[in-house]
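Below: the structure, in structure tokens.
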Amino acid sequence: MPDIPAGTTAGIAVYDRKTGRFTELHYPERQFRSASLVKLLLALDILGDDGPAALPEADRVRLTAMLRSSDDAAASHFWSTRGGSAIVTRTASRLGLTGTAPPPASHPGYWGYTATTAADTVRVYRHILDTAPAPVRTFMMDALHSATRCGNDGFDQYFGISSAFDGPRAVKQGWSGFTSGGCTAVPASRAVPNSTPATAPDTRAASLDLVSEALHTTGTVGPDDRTVVAVLTLHPDGTPYGTAYSKVTRLTDSLDVPGAVRPAGTRFGTWGSGVRVRAAAHTGSAHLTTLPAGVEVLVGCQRRGERVTVPPYTNDWWAYLPQYGGWITQVYISSPADKLPGVPDCP
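So that you can map any letter, position 320 of the sequence shown is 307 in the working numbering, and since no number is skipped, the others follow by simple counting.
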């Protein structure tokens, strides 16, 4: 049974391609706003049956950035040049999607307000993997297998599948409604890009939930893309990104995912904003990235390094985060002792 955190609304579908059966189903037909998951439909519509060879180089570059780094500008470009909502209608019809629909009439330019379901998301991946022409499958899966940690809007997109499981894996993530990310200091608007009106319409009139924060993790896990995973979630309005990130990761980790390998280490909560991951255990080392505020992190080992003081705390222990390939001072880890319990010393 999925371990769904309190306050989280979820739609889940996990499909084992090797056995041809679902290992997890939890409200798989419940509709959610897609956020960036609609980019899978955009890519399929653009690639058609001919694949990337038939496209101008500029469009291939845009498509790659849209799939690997969830580039919003690329999605907005394709949405406006290929008919907007008509993209969703024709792709849903072609793939036999039963719960996918264009954005509400009140939000025609908001591509992220496309409705979708966990079941339909699994259908999309099964189409890519088992039905789409080889050039389409190769182009899309190569991009999803090489998804970047940082989205191009500054959000850390390695939650859920990317954090719960070691590779091989491929991901397309979605987020909507959050006000800040972790990979850069770039602010993110609550509104989905493209055709944003000067005064936003009253979202309470829409049947699709456009208010709660949305965070989705989807993709494949295991050798030969064995298992398709779709976890779509909503969180109460105002939920911090790091909190939702951690909840979705814990939920994903609780699922029965054949072929999955879970990473070694112990998860701890963090506090503070702008916490930097460093290349070594001192503040003068290279800044690799910035954690989402309040996120849980996987700690592989710990060692003494530079003594850091953040009143009222002082600590000279540093935690190695294998999923980031770097270190954070344990001043920012939520633990009562300077040294983390149950975590080995680094060699």
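No residue lacks a Cβ here, since even glycine has one placed at the ideal position from N, Cα and C. For clarity, every value in this text was computed on a predicted model and none was experimentally measured.
In chain order, what residues of the same chain lie with their CB nearer than 6 Å to the CB of residue i, ignoring the 5 residues before and after it?
i: His94; result: Tyr100
i: Glu16; result: Gly86, Thr104, Ala106
i: Cys170; result: Cys137, Gly141, Asp143, Thr276
i: Gly292; result: Ala268, His269, Trp305
i: Lys5; result: Arg213
i: Pro342; result: Lying before the first or after the last residue shown, residue 342 is absent from the chain, which here runs from -12 to 334.
i: Gly259; result: Tyr319
i: Asp36; result: Pro120
Please state the DSSP three-state secondary structure of residue i.
i: Gln317; result: helix
i: His132; result: helix
i: Thr51; result: helix
i: His64; result: helix
i: Thr87; result: coil
i: Ala251; result: coil
i: Ala30; result: helix
i: Arg8; result: strand
i: Leu195; result: coil
i: Asp140; result: coil
i: Phe126; result: helix
i: Ala102; result: strand
i: Glu16; result: coil
i: Val284; result: strand
i: Asp332; result: strand
What are the boundary residues of the alpha helix (DSSP H) that includes residue i?
i: Lys234; result: 228 to 240
i: Leu82; result: 72 to 82
i: Ile148; result: 148 to 151
Could you pull the start and end residues of the beta strand (DSSP E) that residue i belongs to?
i: Ala(-3); result: -4 to 3
i: Asn163; result: Asn is not the amino acid found at residue 163; the sequence shown has Ser there. Start and end: 156 to 163.
i: His94; result: Segment: none, His94 is in no beta strand (DSSP E) and carries neither H nor E.
i: Asp303; result: 300 to 308
i: Arg204; result: Here residue 204 is Thr; the residue named in the question, Arg, does not match the sequence. Thr204 -> beta strand (DSSP E) spans 200 to 208.
i: Arg263; result: 263 to 265
i: Thr277; result: 274 to 277
i: Thr296; result: 288 to 297
i: Leu116; result: Note, Leu116: premise wrong, no beta strand (DSSP E); alpha helix (DSSP H) at 105 to 117.
i: Ala217; result: 214 to 222
Do you know how far the Cα of residue j is from the Cα of residue i?
i: Gly225; j: Ala151; result: 24 Å
i: Val123; j: His114; result: 10 Å
i: Phe126; j: Gly206; result: 15 Å
i: Ser72; j: Ser63; result: 12 Å
i: Leu116; j: Gly271; result: 46 Å
i: Leu221; j: Pro43; result: 37 Å
i: Asp(-10); j: Arg237; result: 8 Å
i: Ala273; j: Thr68; result: 41 Å
i: Thr239; j: Val218; result: 7 Å
i: Met53; j: Leu131; result: 10 Å
i: Asp303; j: Val297; result: 12 Å
i: Ala157; j: Ala134; result: 7 Å
i: Phe146; j: Pro155; result: 15 Å
i: Thr253; j: Tyr228; result: 21 Å
i: Ile(-1); j: Thr78; result: 22 Å
i: Gly281; j: Met128; result: 32 Å
i: Pro120; j: Thr76; result: 21 Å
i: Tyr14; j: Arg20; result: 15 Å
i: Asp332; j: Asp196; result: 46 Å
i: Thr108; j: Gly312; result: 31 Å
i: Val25; j: Gly70; result: 14 Å
i: Thr118; j: Gly38; result: 13 Å
i: Gln18; j: Asp58; result: 24 Å
Residue i: which of the options sits nearest, CA to CA?
i: Trp284; options: Leu242, Thr277, Thr257; result: Rather than Trp, the amino acid found at residue 284 in this sequence is Val. Val284 has its Cα closest to that of Thr257, out of Leu242, Thr277, Thr257.
i: Gly261; options: Asp143, Lys234, Pro309; result: Asp143
i: Asp3; options: Asp153, Leu242, Ala266; result: Leu242
i: Thr(-5); options: Cys333, Arg263, Ala134, Val235; result: Val235
i: Leu50; options: Thr230, Ala41, Ala61; result: Ala61
i: Ala(-7); options: Asp332, Ser133, Ala231; result: Ala231
i: Phe255; options: Leu278, Leu54, Met128, Pro334; result: Leu278
i: Ser56; options: Pro323, Gly147, Lys159; result: Lys159
i: Ser335; options: Ala45, Ser322, Ala41, Asp32; result: Beyond the ends of the chain as shown, which are -12 and 334, falls residue 335; an answer cannot be given.
i: Val1; options: Tyr112, Cys333, Arg249, Gly312; result: Tyr112
i: Arg263; options: Thr76, Leu308, Val216, Asp325; result: Leu308
i: Gln310; options: Val330, Ser322, Pro250; result: Pro250
i: Ile148; options: Asn139, Thr166, Ser233; result: Ser233
What residues in its chain sit with their C-beta under 8 Å from that of residue i, if we drop five residues either side in the sequence?
i: Trp66; result: Leu29, Ile74, Gly96, Trp98, Asn181
i: Thr301; result: Arg294, Val295, Val318
i: Ser194; result: Pro91
i: Arg110; result: Leu82, Gly83, Leu84
i: Pro245; result: Asp3, Lys5, Thr6, Thr10, Gly209, Arg213, Thr214
i: Pro334; result: Cys288
For residue i, which residues from the same chain have a beta carbon less than 7 Å from its beta carbon, with the 5 sequence-adjacent residues on both sides left out?
i: Ala306; result: Val286, Gln289, Trp314, Ile315, Gln317, Ile320, Leu327
i: Ala22; result: Gly99, Gly161, Trp162, Ser163, Ala201, His203
i: Leu34; result: Val123, Phe126
i: Leu27; result: Val111, Lys159
i: Pro89; result: Ser72, Val75, Thr76, Thr101
Mind checking whether the beta-carbon of residue i lies closer than 6 Å to any heavy atom of the ligand GDP?
i: Pro15; result: What this structure holds is no ligand at all, so the ligand GDP is not there to describe.
Can you check whether the C-beta of residue i is within less than 7 Å of a C-beta belonging to chain B?
i: Pro(-11); result: The question asks about chain B, but that chain is absent: this structure has only one protein chain.
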